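Numbered by the numbering used here, the letters in the sequence shown go through residues 206 to 885 in order.
Below you'll find the structure, written out as structure tokens, and then a few comments.
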Amino acid sequence: MTVRIAIDVGGTFTDVFARDDASGKEWIVKVSSVPEDPSKGVFNGVQRLLKDNRLGPTSVSHLSQGTTVATNAILQRKGAKTALLTTRGFRDVLAIGRQKRPDLYDLAKPKVEPLVPEELRFEVSERIRVSGDVEVALSEQDVRDVAAKMADARVEAVAICFLHAYRYPAHERLAMRVLRECLRGVYVCCSSEVLSEFREYERTVTTVLNAMLGPVVSTYVGRIKARLSESGINAAVSIVQSNGGMVSAEVASEKPVYLVMSGPSAGVAGAARLATEAGVPDAIAFDMGGTSTDVCLIANGMVPITSDREIASLPCRVPMVDVEAVGAGGGSIAWVDVGNLLKVGPQSAGANPGPAAYGKGNPQPTVTDANLVLDRLGSGSLLGGELTLDRDLAYRAIGTRIAKVLGLSVEDAAQGIIRVANANMVRAVRSVSLQRGFDPRRFTLIAFGGAGPMHAVSIAKELGISRVLIPPLPGVLCAIGTMGMGVRTDVVKSVLLPATEESLPLFRATVEDLIGQAQGWLSTQGYTEATMNVVLDMRYRGQNYELQVHGCDLRSREDLNAAIASFHRVHEQAYGYSSRQRDIQVVNVRVAAFVPTSLIARTPQRGRAPVVNKNLGASRDVLFDGETVRLRTPLFWRAALQAEEQLNGPAIIESLDSTTLIPPNSRARIDVAGNLIITQ
């Protein structure tokens with residue numbers, strides 16, 4: 206038996222999915238995450254899966270995972286103690302930042318604290334002009350002197366970012382070599398290897414983030430491998446990158462900033478593969494977990510990749526799946542602000558103490574508590590009954606913290622919590638669809654995550670979406686998504702050239718150089734063939750933002766004209782107009798190298814619990830959206846439903862990993878692949 210294990214480490218639960226390639230048999234386990242040491246949650250989940258299913262540790266051949274370790278370290282500012290080494294005169298780039306503010310009219314909003322404090326920002330005399338001429342040569346002794354100061358400060362990581370190093374990296378690489386010699390055991394990285402793009406602030410921030418995350422991710426990977434090895438598991442470990450590709454754990458530790466959207470990327474990959482198999486070219490991935498909800502629009506089967514995102518109000522310019530995240534999940538806390546307005550999130554009860562109904566001492570109500578009070582969730586609905594919820598505690602939390610304050614009944618307060626949470630998620634879906642020129646009504650909503658199927662139909666109704674697709678194992682789709690993911694690497698170079706025929710030789714030379722870099726890296730990983738996708742960051746001359754155009758060959762004038770025409774279309778799609786008479790500039794040239802793996806044929810899991818009847822023989826009186834009285838609602842076990850079976854709402858479908866709510870006037874059927882299709 207050869208077992209592959211896939212893991213998703215969430216803020217509330219750690220999901221473990223395993224598959225035996227020979228028999229096609231599958232197993233799933235959900236355990237509580239351990240925020241203070243995520244590697245422990247991973248180990249607990251793997252051990253639980255092996256023990257429950259009598260699998261030997263030597264049967265495990267590969268372990269893949271998506272993780273939020275990097276994201277959480279940034280959000281909580283719990284990265285390594287980091288120093289910055291930069292060109293003289295540029296030490297305050299981190300403090301100055303950009304002129305634009307995220308909240309333009311909030312004059313009292315505090316400025317984002319620089320990632321590196323002033324006393325840990327060091328300068329050296331060096332300067333390479335934009336032309337490549339060396340104005341001031343870098344002195345090794347100057348670097349050694351700075352290294353001594355860094356050693357005295359006991360820094361754990363160093364980021365190097367010199368002016369124009371995105372084009373001329375010689376000084377950065379010399380400084381990196383010297384610092385690594387002088388600072389043994391300190392993580393050192395330079396911008397030319399992390400992000401070869403112009404714009405000093407963004408490049409500096411991204412490089413500093415990489416340095417801050419270096420020791421954190423290395424420690425995490427080391428703990429996982431050590432714990433697995435101690436238990437007799439010597440399988441290879443791979444980690445999902447933000448760009449939707451997979452790399453080995455060792456490579457992930459080298460460029461940890463590429464993991465900032467690791468977890469959501471795995472979910473989108475799973476949803477995209479599911480959409481392809483179901484013949485759905487246009488879909489919206491809706492992943493609602495315990496802590497947050499991640500939304501991504503998949504148009505024409507393409508997963509969008511962006512390099513223009515912020516994490517905790519900080520620019521992070523690495524390629525990542527274009528996901529919109531909102532702090533609304535099953536564990537999101539409901540509260541009343543000073544103006545007596547009901548709010549939900551972004552604070553979360555997390556895995557510990559969890560919702561009030563967990564009985565772990567949390568007095569604050571959550572979305573899960575609201576669903577329990579409305580009887581959309583049953584007391585034994587989570588983890589197939591392994592996690593018991595206390596309805597009285599949920600009722601008391603909502604009554605004390607919300608209903609009493611707002612002068613509402615507990616049921617009305619619970620409905621209000623659900624409506625506010627849903628409104629937050631609807632805004633996220635609109636931001637990836639309507640705000641980008643896409644009509645969500647022509648898309649299918651693919652709902653997954655532990656809480657996604659509970660809220661999906663309400664979200665779809667609000668947006669005018671008529672079709673919802675829920676996979677066979679929605680609660681662990683993020684883990685499943687890591688299986689079948691290919692290896693990917695992205696390389697980039699800033700060129701700042703006009704999109705004219707005269708620039709073609711330079712474009713071709715740049716593309717060939719980048720392809721060579723990508724092939725060189727892939728060869729070190731044991732791959733000889735890959736699919737290369739050339740992407741151009743283009744803009745109208747005078748603009749300060751770019752749009753990405755994919756599939757650009759740039760071998761001929763016709764190729765360039767095709768890229769220009771594509772840019773006009775993309776600009777019109779995004780902003781509603783194009784200026785075909787204006788000059789166009791190519792800012793960055795990117796190459797994405799992808800090594801695909803064979804897709805895994807899915808056999809819907811039929812559940813670990815014994816199934817006697819597809820109808821559980823029970824029902825609950827449920828209060829639905831817009832209703833004033835409860836409706837008697839039958840309960841079904843998801844694993845017992847057969848292909849082409851149909852259900853009319855109201856109905857509740859329970860499974861080991863999630864609960865699906867089918868409101869009145871909705872219809873559901875199981876397709877041949879085991880997906881649940883809900884229409885309204």
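Each residue gets a CB set at the ideal place from its N, CA and C atoms; glycine is no exception.
The model shown is predicted, which means the values in this text are computed figures rather than measured ones.
Just to confirm before moving on: does the CB-CB distance between residue i and residue j stay below 7 Å?
i    : j    : result
T496 : P658 : no
S396 : C366 : yes
I503 : L674 : no
M690 : A474 : yes
P570 : V528 : no
A362 : A313 : no
L379 : A352 : no
S863 : G686 : no
A211 : S269 : yes
V697 : S401 : yes
S266 : R303 : no
A561 : L577 : no
T593 : G585 : yes
P676 : L828 : no
I174 : N627 : Since the displayed the chain opens at 206 and closes at 885, residue 174 lies outside it and no answer follows.
P839 : S824 : yes
V625 : V549 : yes
V634 : S871 : no
D595 : G564 : yes
So residue i and residue j are supposed to be a Cβ contact under 8 Å. How far apart are they, rounded?
i    : j    : result
L741 : V775 : Not a contact, Cβ separation roughly 10 Å.
A275 : L418 : 5 Å
P524 : I510 : 5 Å
L320 : L290 : Not really, about 14 Å apart at Cβ, beyond 8 Å.
V360 : V391 : 6 Å
V236 : R253 : 6 Å
T217 : G246 : So it is not a contact: roughly 10 Å between Cβ atoms.
L759 : L752 : No, L759 and L752 are not in contact; Cβ-Cβ is about 17 Å, not under 8 Å.
A575 : A539 : 7 Å
G536 : A554 : 4 Å
Give every residue of the same chain whose Cβ lies closer than 6 Å to the Cβ of residue i, excluding the five residues on either side of it in the sequence, and list them in chain order.
i    : result
S423 : S458
T808 : Low confidence applies here, because T808 scores a pLDDT of 39, under 50, leaving its location unreliable; read the following figure in that light. Around T808: G229.
R428 : S244
G494 : G215, G534, G654, G655
V426 : A454, S458
V393 : V363, M381, L384, R385
Y371 : S401, E402, F403, S699
W726 : T694
R296 : R326, E328
P262 : S436, G437, I438
G532 : S497, G550, P551
Per the DSSP calculation, residue i is bridged to which residue(s)?
i    : result
F218 : S237
C394 : A364
S824 : P839
A856 : I867
S638 : Answer is none; S638 lacks a bridge partner.
F799 : R693, T736
Y745 : I789
R332 : V341
P520 : E515
M525 : T511
G872 : Correcting the residue identity first, residue 872 is Arg in this sequence and not Gly. Answer is N853, T884, bridged to R872.
E231 : R224
Q753 : D742
K548 : W540
Can you find the residues in the same chain that come closer than 8 Å, C-beta to C-beta, to residue i, ignoring five residues on each side of it along the sequence?
i    : result
R641 : L502, Q778, A779
G294 : E328
S447 : Y463, L464, V465, M466, S467, S470, V523, P524, M525, V526
M688 : R209, A211, F222, R224, S269, I805
V383 : E345, V348, R349, A352
E324 : A358
L611 : V541, N545, L547, A618, G621
Apart from the five residues just before and just after residue i, which ones in its own chain have a Cβ nearer than 7 Å to its Cβ?
i    : result
S784 : Y745
V816 : Below a pLDDT of 50, predicted positions are generally treated as unreliable, and V816, at 38, falls in that range; the measurement from the model is reported next regardless. Around V816: W842, A844, A845.
P855 : V827, F829, L836, T838, I867, P868, P869
N880 : A483, L674, I675, P676, P677
Is there a Cβ from chain B that is less than 7 Å from the Cβ of residue i?
i    : result
R825 : Among the chains in the structure shown there is no chain B, since it carries only a single protein chain.
Beta strand (DSSP E) runs wholly inside the region 445-504, at least 3 long, in chain order: For the region 445-504, whole beta strand (DSSP E) runs of length 3 or above, ordered along the chain, are 451-453, 488-493, 498-503.
Could you tell me which uninterrupted beta strand (DSSP E) segments, each at least 3 residues in length, are contained entirely in the region 254-298, listed from first to last along the chain? You should have 265-271, 287-292.
Threshold first: 4 residues or longer. Then list the alpha helix (DSSP H) segments lying entirely within the region 657-703, N to C. Within the region 657-703, the complete alpha helix (DSSP H) runs of at least 4 residues fall at 657-668, 682-686.
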